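Trainee: Residue numbers (the working numbering), protein chains in the order written: chain S, 4 to 173; chain B, 7 to 434.
No residue lacks a Cβ here, since even glycine has one placed at the ideal position from N, Cα and C.
Please read these numbers as outputs of a predicted model, since none were measured by experiment.
1) To the nearest angstrom, report how far apart residue 438 of chain B and residue 167 of chain B are at their CA atoms.
2) Using the Cβ count rule (16 or more neighbours within 10 Å means buried), how would you classify residue 50 of chain S?
3) Find out if the Cβ-Cβ distance for the pair residue 68 of chain B, residue 96 of chain B is shorter than 8 Å.
4) Give the secondary structure of residue 169 of chain S by DSSP, where H, G and I count as helix, E and B as strand, and everything else as coil.
5) What did DSSP end up calling residue 124 of chain S once you bin it into helix, strand or coil?
6) Rounded to the nearest angstrom, what separates residue 306 of chain B and residue 298 of chain B at their Cα positions?
7) Measure the CB-CB distance between residue 223 of chain B and residue 233 of chain B and report whether it falls below 8 Å.
8) Alpha carbon to alpha carbon, how far is residue 379 of chain B from residue 26 of chain S?
9) Please list the terminal residues of the continuous beta strand (DSSP E) segment that includes residue 71 of chain S.
10) Return the first residue and the last residue of the beta strand (DSSP E) that residue 150 of chain S is part of.
11) Got a sec: is the Cβ-Cβ distance from residue 118 of chain S to anything in chain B below 8 Å?
12) Interface residues of chain S around residue 75 of chain B at Cβ under 9 Å?
13) Compute the Euclidean distance between the alpha carbons of residue 159 of chain S and residue 112 of chain S, then round it to the nearest angstrom.
14) List, in order along the chain, the chain S residues whose C-beta lies closer than 8 Å to that of residue 366 of chain B?
15) Using 8 Å as the cut-off, can you tell me whether the region 130-144 of chain B makes contact with the region 379-393 of chain B, which would need three or more C-beta pairs spanning the two stretches below that distance?
16) Applying the 10 Å Cβ sphere with the 16-neighbour rule, what's the burial state of residue 132 of chain B?
17) Checking 8 Å against the spacing of the C-beta atoms, do residue 128 of chain S and residue 74 of chain S come in under that value?
18) Between B/399, B/101 and B/338, which lies nearest to residue 226 of chain B when the distance is taken from Cα to Cα?
19) Thinking C-alpha only, which one of S/138, S/130, S/56 and S/164 is nearest residue 118 of chain S?
20) Which residue's Cα is closest to the Cα of residue 157 of chain S: S/169, S/141, S/166 and S/163?
21) State yes or no: is the C-beta of residue 58 of chain B within less than 8 Å of the C-beta of residue 212 of chain B?
22) So if I threshold CB-CB distances at 8 Å, which residues from the region 71-88 of chain S count as touching chain B?
23) Starting from residue 42 of chain S, follow the alpha helix (DSSP H) in both directions and report where the run begins and ends.
24) The beta strand (DSSP E) spanning residue 90 of chain B covers which residue range?
25) Does DSSP put residue 223 of chain B in a helix, in a strand, or in coil?
26) Do you know how far the Cα of residue 20 of chain B is from the Cα of residue 26 of chain B?
27) Hey, how far is the Cα of residue 296 of chain B from the Cα of residue 40 of chain S?
28) Could you say which of B/335, B/373 and B/365 lies nearest to residue 352 of chain B if we only look at CA atoms?
29) Express the C-alpha separation of residue 401 of chain B and residue 216 of chain B in angstroms, rounding to a whole number.
30) Is the Cβ of residue 93 of chain S closer than 8 Å to any Cβ of chain B?
31) Quick check on the burial criterion: 16 or more other C-beta atoms within 10 angstroms. Buried or exposed for residue 114 of chain B?
32) So which residues of chain B does residue 40 of chain S contact, with C-beta pairs closer than 8 Å?
33) Note the first and the last residue of the continuous alpha helix (DSSP H) segment covering residue 341 of chain B.
34) Less than 8 Å between the C-beta atoms of residue 238 of chain B and residue 41 of chain B, yes or no?
35) Take every Cβ of the region 339-346 of chain B, pair it with every Cβ of the region 187-197 of chain B, and state whether three or more of those distances are shorter than 8 Å.
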């Protein structure tokens, strides 16, 4: 009789020990893994305000936000028209220009190529807008990818106009 | 091992060795039987050990003068170059040492491919070797970030962004790797810590690599099994040790030619410009030893696909012992494989060249063809060759190819005949 019961009881104890041990090990490893995530001081730098009063139409300023460049471009009439006229079917990552620029005159986006993170150059490339020199992605006047290996359009960060002259990013 | 057992000569040696058999170990390493026909391509194991030790010694010393902080890293490198006594020498040895390390490891790997050293019973040695190679690439990549120049910063940006191609969790992984939303100080400090750690892991793996080697013993140019402790082997010391040292000295001459006469030839001038997160250099290239994989990455017209193929190019090496189904190890006796081996060498060199070129026009077309061929070699040619290739007759012993050369014995007798004496009498 005891022959049958003993192994079962033992198996239960083994399984219970392994399970508790695995949970304990997981709990011990998590802090070692999570310490690599952005710390409080990095997260604290998450919003900036930018004065854009001096930017002329057709000019771009670049500011640093969370270690990344942000392009703030005051677009010309032609650029806005060009961006609006594009057929969505021609786009790899279809997005309307009006969804990307709340105020069509101002285009605010993260200046990081969505391929492998280089900074695209302005007024260059097939669409005379942005061109990434690293692996050859071309973006249009709305920052949408038109050619090359980049999978998505240039990212639009969270931003708002505090007043006519100031943009708050983040 | 079957070689002679260590017999302690003194009481002290006996006392110590029975408590910790270090003397037995050193006896084993000294008497380890090596095939007598090993050629100079077999000296790169020793050369690689030298490279690792050089990197660790110079690296630890550089670590005493380097400051891992984005505000000071670039400056501290210049401080090492200008102010620290012999700092320029230590840094140039360390930087060129990385290139020399990879040069030697590529020769070592291709030696293995040519002579079939990865085949049974040596698969575990080979797989440990592939892991060492992967760790070497990780170490070299992180080391290149530390000077905090433009190439450091943007190379790191491109490589860490590879992980963002992973669906769903990609973004979280890159943020986790960076410790922020872009490459910044937290990234630099962790890369420094890991760059310091990994060489010691490599050191541990090299011990396993050699341990695994000492179980079956060395392969040899003929690829046939040898009889241990017969007239086909020689003790490692002094015979192979002397051969290794001869090759090492030649290697050191080339190494220090770079250190003294062309210390920046293998680097990139943009890395003497301090890192600037707002400006990407117009042409980003990794260090030369990573170029073939970089070419594969860019050959695939999709972000995720490029990353998958790049890692697959390394992972396919792990499977190599099972992809190559031929029972014959050495390509000396494989007339077809021998040709394809050289085509593979040419393909890898071509990929390296293409990795340094902009990914457009003819360069892009060629890198796609070369990438396709690289995978065809491993995944199609090797299994098919193993089945259909007609291999040459294998010799009975490793001495045969030498002794059975036509006319050799006659020549030897004639030479012996010129001497008079008892020792050579038996040849007459």
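Mentor: According to the structure shown:
1) The structure shown has nothing for residue 438 of chain B, since chain B only spans 7 to 434.
2) Sequence index remark: in the first chain, residue 50 of chain S carries index 47 (1-based). Exposed is the call here.
3) Taking the second chain and counting its residues from 1, the one referred to as residue 68 of chain B is at position 62. Taking the second chain and counting its residues from 1, the one referred to as residue 96 of chain B is at position 90. For residue 68 of chain B and residue 96 of chain B, yes; Cβs fall inside 8 Å.
4) Here residue 169 of chain S corresponds to residue number 166 of the first chain, with the count starting at 1. Three-state DSSP puts residue 169 of chain S in a strand.
5) Residue mapping note: residue 124 of chain S aligns to position 121 of the first chain, counting from 1. In the structure shown, residue 124 of chain S sits in a strand (DSSP, three-state: E or B).
6) Residue numbering aside, residue 306 of chain B sits at position 300 when the second chain is read from its first letter. Residue numbering aside, residue 298 of chain B sits at position 292 when the second chain is read from its first letter. Going from the Cα of residue 306 of chain B to the Cα of residue 298 of chain B covers about 13 Å.
7) Translated into the one-based positions of the second chain, residue 223 of chain B becomes position 217. Translated into the one-based positions of the second chain, residue 233 of chain B becomes position 227. No; because the gap between Cβ atoms is not below 8 Å, this pair is not in contact.
8) As a working mapping, residue 379 of chain B is identified with position 373 in the second chain. As a working mapping, residue 26 of chain S is identified with position 23 in the first chain. Distance between the alpha carbons of residue 379 of chain B and residue 26 of chain S is about 47 Å.
9) Here residue 71 of chain S refers to the residue found at position 68 when the first chain is read from its first residue. Per DSSP, residue 71 of chain S belongs to the beta strand (DSSP E) from 71-77.
10) Locating residue 150 of chain S in the first chain gives position 147, where the first residue counts as 1. Per DSSP, residue 150 of chain S belongs to the beta strand (DSSP E) from 148-150.
11) Here residue 118 of chain S refers to the residue found at position 115 when the first chain is read from its first residue. Yes, residue 118 of chain S counts as interfacial toward chain B.
12) As a working note, residue 75 of chain B is residue 69 in the second chain. The premise fails here: residue 75 of chain B is roughly 14 Å from chain S at the closest Cβ pair, so nothing lies under 9 Å.
13) In the first chain, the residue the question calls residue 159 of chain S occupies position 156. In the first chain, the residue the question calls residue 112 of chain S occupies position 109. So the alpha carbons of these two residues sit roughly 4 Å apart.
14) Within the second chain, residue 366 of chain B is the residue found at index 360, counting from 1. Simply 139.
15) no
16) As a working mapping, residue 132 of chain B is identified with position 126 in the second chain. The residue is buried, with at least 16 neighbouring Cβ atoms inside 10 Å.
17) What you label residue 128 of chain S is simply residue 125 of the first chain in a count that begins at 1. What you label residue 74 of chain S is simply residue 71 of the first chain in a count that begins at 1. No. Outside cutoff.
18) Start at 1 with the first residue of the second chain, and residue 226 of chain B comes out as number 220. It is B/338 whose Cα lies nearest to the Cα of residue 226 of chain B.
19) Indexing the first chain from 1 puts residue 118 of chain S at position 115. Checking every option, the nearest Cα to that of residue 118 of chain S belongs to S/138.
20) As a working mapping, residue 157 of chain S is identified with position 154 in the first chain. Nearest of S/169, S/141, S/166 and S/163 to residue 157 of chain S, Cα basis: S/141.
21) If you number the second chain from 1, residue 58 of chain B lands on position 52. If you number the second chain from 1, residue 212 of chain B lands on position 206. Taking 8 Å as the Cβ cut-off, residue 58 of chain B and residue 212 of chain B qualify as a contacting pair.
22) 71 and 72
23) Indexing the first chain from 1 puts residue 42 of chain S at position 39. Unbroken run through residue 42 of chain S: none, as it is neither H nor E.
24) In the second chain, counting from the first residue as 1, residue 90 of chain B sits at position 84. Looking at the DSSP string, residue 90 of chain B is not in any beta strand (DSSP E), and its letter there is neither H nor E.
25) In the second chain, residue 223 of chain B corresponds to position 217, counting from 1. Coil.
26) Position 20 of the second chain holds residue 26 of chain B. Position 14 of the second chain holds residue 20 of chain B. The alpha-carbon atoms of residue 26 of chain B and residue 20 of chain B are separated by roughly 10 Å.
27) As a working mapping, residue 296 of chain B is identified with position 290 in the second chain. As a working mapping, residue 40 of chain S is identified with position 37 in the first chain. Distance between the alpha carbons of residue 296 of chain B and residue 40 of chain S is about 28 Å.
28) Taking the first residue of the second chain as position 1, residue 352 of chain B is located at position 346. The option with the nearest alpha carbon to residue 352 of chain B is B/373.
29) As a first step, residue 216 of chain B is located in the second chain; it is residue number 210 there, counting from the start. As a first step, residue 401 of chain B is located in the second chain; it is residue number 395 there, counting from the start. Each residue's Cα considered, the two are about 27 Å apart.
30) One-based indexing of the first chain puts residue 93 of chain S at position 90. No, residue 93 of chain S does not count as interfacial toward chain B.
31) Translated into positions along the second chain, residue 114 of chain B becomes position 108. Classification for residue 114 of chain B: buried.
32) As a working note, residue 40 of chain S is residue 37 in the first chain. In chain order: 181, 182 and 185.
33) Counting from 1 along the second chain, the entry for residue 341 of chain B is found at position 335. First-last of the alpha helix (DSSP H) with residue 341 of chain B: 341-361.
34) Reading the second chain from its first residue, position 232 is the one you call residue 238 of chain B. Reading the second chain from its first residue, position 35 is the one you call residue 41 of chain B. Yes; because the gap between Cβ atoms is below 8 Å, this pair is in contact.
35) no
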